[in-house]
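Enquirer: Submitted below is the structure of interest, expressed as structure tokens.
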Amino acid sequence: MKNHQTQVRVRYSETDQMGVVYHGNYVPYFEIGRVEWLRDKGISYKIMEESGIGLPIVSMQINYKKSARYDELLTIHTTFKSQSSVKIEFDCEIYNEAGELLTTAVFILVFISLKSGRPTAPPDYILELFKTLV
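All letters in the sequence shown, in the order written, are residues 10 to 143 by the working numbering.
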């Protein structure tokens with residue numbers, strides 16, 4: 010339940026002339042992984058935002074180990090690591106079709122009120138989810 014996997018195919022526009030994924034394009038891949046992790050748990054990011062709660066990144070650490078290339082099918086592994094009063098932390102990995110580890114990352118996000126822009130406690134339905142992950 011702490012883990013989720015999703016896949017994305019590398020598009021031509023995400024690569025350089027050598028067919029290698031530009032380093033900045035890994036951040037959206039990881040975002041896809043986090044949003045799909047939430048969706049897999051029954052939580053819509055869109056509905057959460059419509060209810061006034063945002064979840065911006067406040068810290069990220071990315072390690073590039075091997076290049077992803079044009080048209081590869083990547084598997085994004087997203088793992089819930091921890092949660093505190095207003096923060097949530099994820100460990101993430103991206104693998105290519107051969108099962109080779111390409112990139113690792115750690116993300117810390119903070120629940121905020123979209124109205125005030127200030128940190129806020131997660132909604133009750135998310136707190137209930139966290140209880141099942143411990």
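All residues carry an ideal CB built from backbone N, CA and C; glycine is no exception.
1. From this set, Val95, Gly42 and Lys75, which residue's C-alpha is nearest proline 132's C-alpha?
2. Could you pull out every residue in the same chain whose Cβ sits closer than 7 Å to the Cβ of aspartate 100, ignoring the five residues on either side in sequence?
3. Count the other CB atoms within 10 Å of the CB of methionine 57; is the residue buried (16 or more) or exposed (fewer)?
4. Could you name the residues of the same chain whose beta carbon sits closer than 7 Å to that of tyrosine 38, not counting the 5 residues immediately before and after it, in chain order?
5. Go ahead and pull the three-state DSSP assignment for leucine 64.
6. Do you know how far the Cα of glutamate 59 is from the Cα of arginine 48?
7. Under 8 Å by Cβ, that's how I've got tyrosine 79 and threonine 112 pegged, so tell me the actual separation to the nearest angstrom.
8. Could you check the C-alpha separation between valine 67 and tyrosine 35 for me, to the nearest Å?
9. For glutamine 141, report the span of its alpha helix (DSSP H) as first-last.
10. In the DSSP assignment, what residue or residues form a beta bridge with serine 122?
11. Tell me, please, which residues DSSP counts as bridged to tyrosine 104.
Expert: Result, derived from the coordinates:
1. Residue mapping note: residue 132 aligns to position 123 of the sequence shown, counting from 1. Taking only the C-alpha atoms, the option nearest proline 132 is Val95.
2. Residue numbering aside, residue 100 sits at position 91 when the sequence shown is read from its first letter. Within the same chain, aspartate 100 has close Cβ partners Thr88, Lys90 and Val115.
3. As a working mapping, residue 57 is identified with position 48 in the sequence shown. Methionine 57 is buried by the Cβ-count criterion.
4. Here residue 38 is taken as the residue at index 29 of the sequence shown, counted from 1. Result list for tyrosine 38: Val17, Leu83, Ile85 and Ile103, in chain order.
5. Here residue 64 refers to the residue found at position 55 of the sequence shown. Three-state result, leucine 64: coil.
6. Here residue 48 refers to the residue found at position 39 when the sequence shown is read from its first residue. Here residue 59 refers to the residue found at position 50 when the sequence shown is read from its first residue. Whole-angstrom Cα-Cα distance: 15 Å.
7. Numbered from 1 along the sequence shown, position 70 holds the residue referred to as residue 79. Numbered from 1 along the sequence shown, position 103 holds the residue referred to as residue 112. 16 Å between Cβ atoms; not a contact.
8. Position 58 of the sequence shown holds residue 67. Position 26 of the sequence shown holds residue 35. Cα-Cα distance, rounded: 17 Å.
9. As a first step, residue 141 is located in the sequence shown; it is residue number 132 there, counting from the start. Before going further, note that residue 141 is threonine rather than glutamine in the sequence given. Per DSSP, threonine 141 is one residue of the alpha helix (DSSP H) stretching across 133-142.
10. Walking along the sequence shown from the start, residue 122 turns up at place 113. Answer is Ile62, bridged to serine 122.
11. One-based indexing of the sequence shown puts residue 104 at position 95. Among the bridge pairs identified by DSSP, tyrosine 104 is matched with Thr84 and Leu110.
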